[in-house]
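Heads up: the protein sequence lines correspond to chains A and F, in order.
Here this note's numbering is used: the first residue of the first sequence is 1, the next is one more, and so on.
Here this note's numbering is used: the first residue of the second sequence is 567, the next is one more, and so on.
All C-beta atoms in this analysis are idealised placements derived from N, C-alpha and C, irrespective of residue type, glycine included.
Please read the structure below before turning to the comments.
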Amino acid sequence: MTTGLLGIFVTYGLTLLLALPLGRFLANVFQGHQNALDFLAPLERGLFRLAGLDEKREMTWQQHLLALLTINLVWFVFAMVVLCTQGSLPLNPDGNPSMSPDLAFNTNISFLVNCNLQHYSGESGLSYLSQIVVITFLQFVTAATGIAAAVVVLNALQTRTTDKLGNFYNYFVKSLTRLLLPLSLVIALILAFNGAPMTLHGKQQLVTVQGDSVAVARGPVAAMVAIKELGTNGGGFFGANSAHPLENPNFATNVTENVALALIPLALVFALGFYLKRQKLAYMIFGVMTVGFLALLAPTVYYEMHGNPAISQMGVNQALGALEGKEIRFGAAASAYWSITNTVISCGSINSMHDSFMPLSGLCQLLGMMTNAFYGGCGVGLLNFFAYLIIAVFIAGLMVGRTPEFLGKKIEAREMKIAVIVTLLHPLLILAGTALTAHLFAGSPTEYAGWLANPGYHGFSEMLYEFTSASANNGSGFEGLGDNTPWWNISTGVVMLLSRFLPIIGPVAIAGLLARKKVVPEGAGTLPADTATFGVMVLAVIVIIAALAFFPALALGPLAEHFSLY
Amino acid sequence: MRLTLALLVLCCVIYPAIVWAAAQLAPGHGEGEQIVQNGRLVGFANVGQQFDKPQYFNSRPSAAGYKADASAGSNKGPSNPDYLREVQGRLDTFLVKNPGVRRADVPAELLTASGSGLDPDLSPQGALVQVARVARVRALPPAQVQALVQQHTETSLLGPDHVNVLKLNVALDALAGTR
C-alpha cells in the first residue's frame, strides 16, 4: 500500500526535478542564447541548406500557419501511400497486409495530429517499415510542430509591438535536434537495456514449457517507444501499448516512460516564465494545472487501490487493488497514476486497460481529456490553456469594470471570438459525435452489436470516451469498443483533424493579433495576471466551461454506473 | 518537401540505427531475454505464457489466450454481469483444483485478466497459494516448493514484489528432475 504511494511521489518528484532545468534550457534554445547543445549548430545549418530554407527569415503569424499546414499536407500524402502499400514494401518479415483505405485514413490522421488513436493492432496491422517511416517519423515531427507553435505564441507575447515572429522552420528543426532526438536516444537506451527489443527479425516461433506453440512478436520497439512517450504521442508498438511486457518490461521502465511523457509539457510552462521573464506567471499557470491534476489523481488512486466492490463480495483477497486489465509488475497505484497523467496530458499511452477501471476513475480520465489543459500535450497543452486565460482575462475585466488587458495588450472582440470558438469546439465535437453515434446504436442495436463490449451505462461510457479521446487528441481508448469500422474510422478521423488544427490556428492567431497592438503601460487599474486570485479565476473558467458542459453526459455514463455498483 | 526527406533520414535511419547498434550491447542483444530449457528455447523471460496444468504454477487468466502476437486485455467493465459471473466461475474452479484453500486467501489477480494478456508475473501470494497443490501433484515436500517461490520473488525499490512464472516453473522442472 505505502510502496504504491511512494512510487507515485518519486515519479512526480523526478518529473518536476527534470522539468525545471529543461524549461530554462528550452527558453535559451528558442531565444538563440548560448546553450549546452550549440555544437549541433553545423548539423542544423546542413539541414537548412539541404532543404533550401533560410532559417533567419522572420515570418508573420499567417506565414507561420501556412508553413505549418503545408508541411503537414506533405506528411499526410507520404504516409497515406506507405500505409496503403506496406504489404508489398520491404521490411515486412511477418507478411502483414496493406491497410484498407478507411483504416489508413484514420491511422494517418491519428498520427499526423499527435492523437495516436489506434484502430489496428501493431503486431498484425503494420510492417516494420510503416512502424519506422510513418509512425516513428510522425511521432517526432508532430511533437515538434506543437512545440514550434507554442514558441510562436511565446514570441508574440513579449512586451513590444511587431508582426515579425521568428522563423517556423527554425523553431521546428531545433525542437527536433536540441530536444526530441537527444532525449529520445537516452530513453531508448534505458528501455533497450531493460529488455525492450530492438530488432528487425520477425516473430519468434517456439514451443512453451507446457507444450503450446506460440509466435512471439518483436520489432524495433525501443526506438519507437521512446518518442511515443516523449512526444506525448501515445501510439504503441503493440496492441496492448505500454501494458505489453516488451514495451514496458519492469517498474523502472514504467517510471522512465511516465516521467518522459510529462516532461516536455511541464518544461514548457517553466520555459514560458524564463522566456517572457515573468516567472510568477509561470508559477501561477503551473499551480492551476497542478491543482486540477491532483483533483483528478486522488480519487482514481483511491478507487483503484480499494478494488472492485463486486469482486470483494465474493470473499476473495483484493489487497493489491483492482487488477482486471492491470499488470502485476506495476500494481494498482502506479497504473492509476499513469492513467491520469496520460489523460490530462494528451499522450494517451496506457499501461493498463482503462475500460476496466472503476467508474469514477473512468470519470476522472474523461475529465482530464475534457479540460485538456492541465499540463496538456507537447506545446498544444500550453495553447489550450492560453485560450482559457484569454477568456478569464475578459470575464475578470468585466467584473472589475476595466478594459480587459493581458501582458500589456488590450483584448478586444476579435480575440475573444477566436478564443470562444476554440474552447467551445471541444464540447461540440465530443457531445455531437457521441449523440449521433448513440442515436445510430439505439436505432438498430443488433446491427451495431459489435461496437460495444459492455452493456448498460458502461457501454455509453465507451462511446463517450472514444469521441473525447479523439477530440482531445489523446488517443487512449476504452478499448472494448469495436472501432475498426468505416463509421468509427471516418467520424473520429474528422473529429481529430478539426480538433488538432483549429486549437493551434486559434491561439497563434490571437497571439499574432496581440503582438501587433500598442503596449499599454501598467497602471493602478491593470489587472495583474500573475496572482493567486487570478489563478482561482482561471480555474473557475475551466471548471465552468469544460466540466459543466459535460456533466449531463457524465451522469449518464460513469456516474450512473458508480451508483449502481457502490 | 526537401526538409521532409532530410528529416526522414535523420529520424528514421540515423536515430534507429544508433539505438539498434547500442542495443547489441544490451543483455539479449536487442532480441529480448531468452529462456532455454534442456538446450531448447522455451520462451522469453518478459513474455508470459500459458500454464494451466496442475503440476505447474498457473499464470493469470488472459484475454489473449497468451498468444504472444496478439496482446489484448479483456476490457470488461467493472459492473458487467457476464464478467462478474466469469470471475465467480474462475474462483469456483480454483477452489476445486486447490482443495483446502480458503476464499480469503485467493488473490484477485488469479481471477482477473491482465492488461496485455501476457503478464509474466504473479504476486508472491498468487504463487504461495498454489504451493500445496504443486507439491502434492509432484510429490515434493511443500517446504521445498515454498522455498523455491521465495527464491524467485523479485523485489524492486518502488514497485510491487512479483514472481516470474516462467522462471519459477523452469526451476521447478529442474528441481523435480534432480530427485
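- Here the alpha carbon of A/Ala-336 sits roughly 25 Å from the alpha carbon of A/Leu-183.
- Here DSSP, grouped into helix, strand and coil, assigns F/Ile-601 to strand.
- Counting along the chain, F/Arg-606 sits inside the beta strand (DSSP E) bounded by residues 606 to 610.
- DSSP places A/Ala-215 outside any alpha helix (DSSP H); the residue lies instead in the beta strand (DSSP E), whose first and last residues are 213 to 216.
- What F/Glu-652 touches in chain A, judged by beta-carbon distance under 8 Å, is nothing: the nearest beta carbon there is about 10 Å away.
- Closer than 9 Å to the CB of A/Thr-437 there is not a single CB belonging to chain F.
- Each residue's CA atom was taken as its position, placing A/Gln-205 and A/Ala-215 some 4 Å apart.
- Residues of the same chain with a CB within less than 7 Å of the CB of A/Leu-296, apart from the 5 flanking positions on each side, are Ile-340, Val-344, Cys-364, Leu-367 and Gly-368 in chain order.
- Counting only residues of its own chain and dropping the five nearest sequence neighbours on each side, A/Leu-181 has a CB closer than 8 Å to the CB of Phe-140.
- Among the CB atoms of chain A, one or more fall inside 9 Å of the CB of F/Asn-646.
- Among the CB atoms of chain A, none fall inside 9 Å of the CB of F/Ala-713.
- Residue range 708 to 717 is occupied by the alpha helix (DSSP H) that includes F/Gln-712.
- Counting the other CB atoms within 10 Å of its CB gives F/Asn-604 a total below 16, which places it among the exposed residues.
- The beta-carbon of F/Arg-699 is placed no less than 9 Å from the nearest beta-carbon of chain A.
- Exposed is the label assigned to A/Thr-526, since fewer than 16 other Cβ atoms lie within 10 Å of its Cβ.
- When A/Pro-97, A/Phe-78 and A/Asn-28 are compared, the shortest CA-CA separation from A/Val-133 is found for A/Phe-78.
- Counting along the chain, F/His-728 sits inside no alpha helix (DSSP H); it lies in the beta strand (DSSP E) bounded by residues 728 to 730.
- Chain F places no beta carbon closer than 9 Å to that of A/Asp-54, leaving this residue out of the contacts.
- Taking 9 Å as the cut-off, the beta carbon of A/Leu-112 is found closer than this to the beta carbon of A/Asn-72.
- Only residues of its own chain outside the window of five on either side were considered, and among them Ala-188, Leu-191, Ala-192, Ala-196 and Met-198 have a CB closer than 6 Å to the CB of A/Ala-222, listed in chain order.
- DSSP, read as helix, strand or coil, puts A/Asn-474 in coil.
- Residue contact check for A/Ala-449 against chain F: no CB pair falls below 9 Å.
- The three-state reading of DSSP puts A/Phe-237 in coil, since its state is none of H, G, I, E or B.
- In this structure, A/Ser-98 sits near A/Gly-87, with a CB-CB distance shorter than 9 Å.
- Every alpha helix (DSSP H) stretch that sits fully inside the region 156 to 238 of chain A and reaches 4 residues is listed by chain position as 168 to 174, 181 to 193 and 221 to 230.
- Nearest in C-alpha terms to A/Met-224, of all of A/Leu-559, A/Phe-441, A/Gly-146 and A/Leu-129, is A/Leu-129.
- Nearest neighbour of A/Leu-294 by Cα position, chosen from A/Glu-229, A/Phe-251, A/Ala-472 and A/Ser-361, turns out to be A/Ser-361.
- Proximity of chain A to F/Gln-710 at the Cβ level (cut-off 9 Å) is not reached, the minimal Cβ distance being about 20 Å.
- In terms of beta-carbon proximity, F/Val-672 lines the interface with chain A, with at least one pair separated by less than 9 Å.
- Rounded to whole angstroms, A/Ala-282 and A/Val-173 show a C-alpha spacing of 25 Å.
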